[in-house]
Amino acid sequence: MTVIARFEVIPVRDGSLSDEIARAIDALDEFDIAYELTATDTVIEAESADEVFEAVHAAHNAVDSDRIITSLEIDDYQSREQDAADRVESVASVLGREPERDR
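Numbering (UniProt numbering), first residue to last: 1 to 103.
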């Protein structure tokens, strides 16, 4: 995959946001992309920026809130095939260990 992106959809309201975030994540399953939910955002891997835009648009629209803030950052490296795991492995090789820490 050549496009790696991170996005967050934030329904602006009081209380837990988990139900609306879950709706946004469910919407991603309609697309031929890979994604990983993290504690603060979601990372997407896709073949094109268009796929990323479409998937994030669907996630945004899946949220049922009067006010929604969505942010998106896209890394579209067109001349190189690389995925998120490759980037993590590159850092791990420099560290000499996995860049994870259990508490």
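For each residue, glycine too, the CB sits at the ideal point set by N, CA and C.
Item: Where are the alpha helix (DSSP H) runs, 4 residues long or more, that stay fully inside the UniProt domain "Thiamine-binding protein" (6-91), in chain order?; Value: 18-28 and 49-62
Item: Are the segment 83-102 and the segment 50-64 touching, with three or more C-beta to C-beta distances below 8 Å?; Value: no
Item: Rounding to the nearest angstrom, what Cα-Cα distance links S93 and R80 in this structure?; Value: 20 Å
Item: Near R13, which residues of its chain fall below 7 Å by C-beta distance, leaving aside the five closest residues on each side in sequence?; Value: S65
Item: Based on DSSP bridge pairs, tell me the residues matched to V3.; Value: A46 and D76
Item: Taking the C-alpha atoms as reference points, what is the distance between A24 and A58?; Value: 7 Å
Item: Taking 8 Å as the cut-off, decide whether the C-beta atoms of R6 and D41 are in contact.; Value: yes
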